[in-house]
Amino acid sequence: MNQTASPQPAHVTLSNAVSSVPSGALKEHGPAGIQVESFPNPWKHPFAALRWIPARIFGLASLTLILAVVAALPVLNFFALGYLLEAEGRVARTGKLRDAFPLLAIAPRIGTIVLGTGFWILSLRLFSLYVADAQTIAPAGITTGQLRILLIILATGTALHLCLALARGGGLGCFFRPFKNAIWLRRRLQRGDYWIYAGEHLRSFIVALRLKHHFWLGIRGYLGAAIWLFPPTALLAVGDGSDARTLISVAGGIWLVFVLSWLPFLQARLAAENRFSAILEPRRAIECFKRAPFSWALTTILVHALALPLYLLKVRLPPQDAMWLITVVFIVSIYPARILTGLAYGRAARQSKSAWYDLTWVCRAVVLGALLAFVFLLFFTQGIGEHGKRTLFEHHAFLLPWPL
Numbered sequence: 014m015n016q017t018a019s020p021q022p023a024h025v026t027l028s029n030a031v032s033s034v035p036s037g038a039l040k041e042h043g044p045a046g047i048q049v050e051s052f053p054n055p056w057k058h059p060f061a062a063l064r065w066i067p068a069r070i071f072g073l074a075s076l077t078l079i080l081a082v083v084a085a086l087p088v089l090n091f092f093a094l095g096y097l098l099e100a101e102g103r104v105a106r107t108g109k110l111r112d113a114f115p116l117l118a119i120a121p122r123i124g125t126i127v128l129g130t131g132f133w134i135l136s137l138r139l140f141s142l143y144v145a146d147a148q149t150i151a152p153a154g155i156t157t158g159q160l161r162i163l164l165i166i167l168a169t170g171t172a173l174h175l176c177l178a179l180a181r182g183g184g185l186g187c188f189f190r191p192f193k194n195a196i197w198l199r200r201r202l203q204r205g206d207y208w209i210y211a212g213e214h215l216r217s218f219i220v221a222l223r224l225k226h227h228f229w230l231g232i233r234g235y236l237g238a239a240i241w242l243f244p245p246t247a248l249l250a251v252g253d254g255s256d257a258r259t260l261i262s263v264a265g266g267i268w269l270v271f272v273l274s275w276l277p278f279l280q281a282r283l284a285a286e287n288r289f290s291a292i293l294e295p296r297r298a299i300e301c302f303k304r305a306p307f308s309w310a311l312t313t314i315l316v317h318a319l320a321l322p323l324y325l326l327k328v329r330l331p332p333q334d335a336m337w338l339i340t341v342v343f344i345v346s347i348y349p350a351r352i353l354t355g356l357a358y359g360r361a362a363r364q365s366k367s368a369w370y371d372l373t374w375v376c377r378a379v380v381l382g383a384l385l386a387f388v389f390l391l392f393f394t395q396g397i398g399e400h401g402k403r404t405l406f407e408h409h410a411f412l413l414p415w416p417l
C-alpha cells in the first residue's frame, strides 16, 4: 500500500496554506492570457503612465458597478460573493494587493460594452418615444408612417452595429465606428475566418470570467458561514422581553460573539485553500490568532465596523429595480474588508511562532469587547430594519448582500 499520502500534522497544513495552492490558480484563466497591465515607468513612458491611471480608475469603477448589479439579483448574487472570496483567497495566498482584483483585467472591457450598448439603446429609445408621440397626434399621417418605417430601419441597423462592435472585441471605439465595422466584416467574410475569430474572442472572454468557479465558491462560502451563524442568531432572535426568552437571547448573543471572532478567518481559509472543510476547523483560526493577534484584532473590528452602514440603509428599502444602489454600498464597504482579512490571514499563516502572550490576551479582550457592542447593536436592528427579525439573519459581512 502506498504510504506517501499520509496526513500531515496540523501545524504543517497551516504554515503551508499558501504554498498548497497551485501557482496557476493565481493567474487569470483564459486562452488569451488576460493580464492587468503593469504600471509603466513614468520617466521612460510618461504618456503611457498617464493613460494607465484613468484606465485603472475606469476599471475599478466598472468592476464595482458590475458586482453591485450582480449582487442585487437573486441567485446571481452568489457570483458576487464568490468573486469577493476569490479576491480574499488570492491576497491570503500571495500577500500582495495587486492580486485583490481578479477580474480587473477584463472589467474595463465590460464597462465599455455597457456604455456603448447603453448609448445606442438609449438613443433608439428616445426616438421610439418621439414616434409614439407622432402616433398619438396623427396616427394616420404620412409623416407618422415614415417615422415608423425609419424606426424599424434604425432598430435593425443598431442591432447589427452592436453585434459587429461586440464581434470586434467590444472596445469603446468599436461602438462609434459603424462604417469601420462594416469594412471589418467584409474583410473577415472574404477571408472566411469571421466565425472563428468571433468564437475565439467570445470563448476567451467567458473563460476569463470563471463563472463556474466563482459561483461554486460563493455557494460554499455562504453555506459554511450559515452553518456557524444561523444557530446563535436564532437564539438571539428569541428575545421578546420575558425573563426566560431574554436569557436565551443573551446566550445566543454570547455564542454569536465568539462565532464572529473567528468566522472572517475561517472564510479566508476556505477561499485560500479552496476546501470547504477548512471553514469547519476553528482551531486553525485560533492558531492564526496566536501568531498575529494585532492584525487579527484590527481586521475583525474593521470588518464589522464596515458592515454597519448597510444596516442603516435597510431601514427604508428602495424598489427592487433600484436595489443595486444599496449593493454599491455593500461592495464599497465589504470589498476592502475582504482584502484586509486576506492580508491578515496570510500574515498569520506565514508566521512560525506565537506572539507575545500578554499581547494576545489584550487583543482578545479588545476584540470581544468590540464584538459585544456590535451584537448589542445588531439585536436592535430588528426594530428599525424593514425586514424585522429577518435583519438579524442577513449578516451581509459574510453572506449575500441581500437575503435569498
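The opening residue of the sequence shown carries number 14 in my numbering; numbering runs sequentially from there. Beta carbons: idealized from backbone N, C-alpha and C, even for Gly. Since the model is a prediction, treat every value here as computed from it, not as a measurement.
Can you have a look at residue i and say buried or exposed, based on whether 16 or more other CB atoms are within 10 angstroms of its CB?
i, result
"histidine 58", "exposed"
"serine 136", "exposed"
"lysine 109", "exposed"
"threonine 404", "buried"
"leucine 221", "One point to set straight first is that residue 221 is alanine, not leucine, in the sequence displayed. Result: buried."
"arginine 297", "buried"
"glycine 95", "buried"
"lysine 225", "exposed"
"tyrosine 143", "exposed"
"glycine 382", "exposed"
"glutamine 159", "exposed"
"serine 290", "exposed"
"isoleucine 79", "buried"
"serine 75", "buried"
"phenylalanine 411", "buried"
"glycine 154", "exposed"
"phenylalanine 192", "exposed"
"proline 332", "exposed"
Distance cutoff 8 angstroms, beta carbons only. Does residue i sit that close to anything in chain D?
i, result
"arginine 233", "In summary, chain D is missing from the structure at hand, where a single protein chain is found."
Tell me the rounded alpha-carbon separation between residue i and residue j.
i, j, result
"histidine 317", "isoleucine 219", "34 angstroms"
"arginine 122", "alanine 357", "32 angstroms"
"asparagine 194", "leucine 215", "17 angstroms"
"alanine 361", "tryptophan 65", "33 angstroms"
"glutamate 300", "threonine 373", "11 angstroms"
"histidine 400", "leucine 330", "9 angstroms"
"leucine 89", "alanine 180", "25 angstroms"
"asparagine 54", "arginine 223", "31 angstroms"
"threonine 17", "glutamate 213", "Below a pLDDT of 50, predicted positions are generally treated as unreliable, and threonine 17, at 41, falls in that range; the measurement from the model is reported next regardless. If you take the alpha carbons of threonine 17 and glutamate 213, they lie about 42 angstroms apart."
"tryptophan 369", "valine 83", "44 angstroms"
"glutamine 364", "arginine 190", "56 angstroms"
"arginine 304", "asparagine 287", "22 angstroms"
"serine 217", "arginine 106", "25 angstroms"
"alanine 350", "alanine 168", "45 angstroms"
"phenylalanine 60", "arginine 69", "14 angstroms"
"aspartate 256", "proline 67", "59 angstroms"
"glycine 205", "threonine 130", "27 angstroms"
"glutamine 203", "leucine 321", "59 angstroms"
"alanine 151", "arginine 161", "12 angstroms"
"valine 375", "phenylalanine 387", "18 angstroms"
"glycine 37", "isoleucine 166", "With a pLDDT of only 37 at glycine 37, under 50, the local geometry of the prediction cannot be trusted, and the value read off the model is given with reservation. Whole-angstrom Cα-Cα distance: 49 angstroms."
"alanine 172", "proline 87", "28 angstroms"
"glycine 43", "arginine 377", "Caution applies to glycine 43, whose pLDDT of 35 falls short of 50 and renders its modelled position unreliable; the value that the coordinates give is listed next. Roughly 44 angstroms separates the two Cα atoms."
Just confirm the distance between the C-beta atoms of residue i and residue j, as a whole number of angstroms; I'd bet it's less than 8 angstroms.
i, j, result
"tryptophan 133", "histidine 174", "7 angstroms"
"histidine 409", "phenylalanine 343", "6 angstroms"
"alanine 113", "isoleucine 352", "5 angstroms"
"threonine 354", "proline 277", "5 angstroms"
"alanine 156", "alanine 145", "In the sequence as presented, alanine is not what sits at residue 156; that position holds threonine. With 8 angstroms as the limit, threonine 156 and alanine 145 do not qualify as a contact, their Cβ atoms being about 14 angstroms apart."
"glycine 102", "alanine 284", "3 angstroms"
"isoleucine 339", "leucine 326", "5 angstroms"
"valine 272", "leucine 242", "6 angstroms"
"valine 345", "threonine 77", "7 angstroms"
Cβ of residue i within 8 angstroms of Cβ of residue j?
i, j, result
"glycine 170", "leucine 117", "no"
"tryptophan 309", "proline 295", "no"
"glycine 183", "isoleucine 126", "yes"
"tryptophan 337", "alanine 85", "yes"
"leucine 293", "glutamate 99", "no"
"phenylalanine 140", "leucine 164", "yes"
"valine 328", "glycine 398", "yes"
"phenylalanine 389", "threonine 246", "no"
"leucine 279", "glycine 265", "no"
"tyrosine 210", "arginine 201", "yes"
"valine 251", "isoleucine 261", "yes"
"leucine 97", "tyrosine 235", "no"
"valine 379", "alanine 81", "no"
"tyrosine 270", "leucine 385", "Checking the sequence shown, residue 270 turns out to be valine, not tyrosine. It is a contact, given that the beta carbons lie within the stated cut-off."
"threonine 259", "tyrosine 324", "no"
"phenylalanine 91", "isoleucine 232", "yes"
Handout entry: Sequence ranges, alpha helix (DSSP H) only - wholly within the region 265-311, length at least 4
Key = Runs found: 295-304.
Exercise for the section: Give, in chain order, every unbroken run of the alpha helix (DSSP H) that is at least 4 residues long and sits entirely within the region 174-226. Expected result: 191-204 and 207-222
Exercise for the section: Identify every run of the alpha helix (DSSP H) within the region 372-414, keeping only runs that are complete inside it and at least 4 residues long; order them along the chain. Expected result: 403-407
Handout entry: Continuous alpha helix (DSSP H) assignments of at least 4 residues falling wholly in the region 56-141
Key = Positions of the alpha helix (DSSP H) runs, each at least 4 residues long and wholly inside the region 56-141, are given as 59-84 and 90-107 in order along the chain.
Exercise for the section: Entirely within the region 314-370 and at least 4 residues each: give me those alpha helix (DSSP H) ranges in chain order. Expected result: 337-363
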